[in-house]
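For reference, the structure discussed in these notes is given below.
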Amino acid sequence: MLMVRAIIRPEKTGVVLSEMLSAGFSAVTKLDVYGRGKQKGIKVGDVYYDEIPKVMLLCIVKDEDKDDVCKIIMKNAKTGKDGTFGDGRIFISPVEEAYTISTGTAGL
């Protein structure tokens, strides 16, 4: 099992979640987050913003589904044809175990 964490622009959340659902990946946790990446914030006029609103999507997938999920996110979270700074990042981490709280069942 793998955890896919995607940090994306808030305005891309709806289309990313819709496409993930259409592809059979319905179990997603969504968090509103703030931060900055390589662009080091944004300067608008004389004001510098170093905490930019983003959305973090978390999902646990089978190892063999990782590439499909990443492709869905990358395709739908990208701004324009070539993308731009601030479109986001995807992080993949191993998940050793997972349990359903109500039943105690292990696994996905």
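For the sequence shown, our numbering gives the first residue as 216, with consecutive numbering after it.
For each residue, glycine too, the CB sits at the ideal point set by N, CA and C.
Small disclaimer: the values here were computed from a predicted structure and weren't measured.
Could you check what DSSP says for residue i in three-state terms: helix, strand or coil?
i       : result
Ile-326 : With the chain covering only 216 through 323, there is no way to say anything about residue 326.
Val-259 : strand
Lys-227 : helix
Met-216 : coil
Exposed or buried, which one is residue i when buried takes at least 16 other CB atoms within 10 Å?
i       : result
Lys-292 : In the sequence on display, residue 292 carries Ala and not Lys. The residue in question, Ala-292, is buried, as its Cβ has 16 or more Cβ neighbours within 10 Å.
Leu-323 : exposed
Ile-316 : exposed
Val-231 : buried
Throw me the rounded Cβ distance for the residue i and residue j pair, which I believe falls under 8 Å.
i       : j       : result
Ile-288 : Ala-221 : 5 Å
Val-219 : Lys-245 : About 13 Å; that fails the 8 Å criterion.
Ile-257 : Tyr-264 : 5 Å
> Any contact of the stretch 296-316 with the stretch 230-249, i.e. 3+ C-beta pairs under 8 Å?
Replying inline: no
>> List, from N- to C-terminal side, the alpha helix (DSSP H) runs of 4 residues or more that fit wholly inside the stretch 264-323.
In response: 281-292
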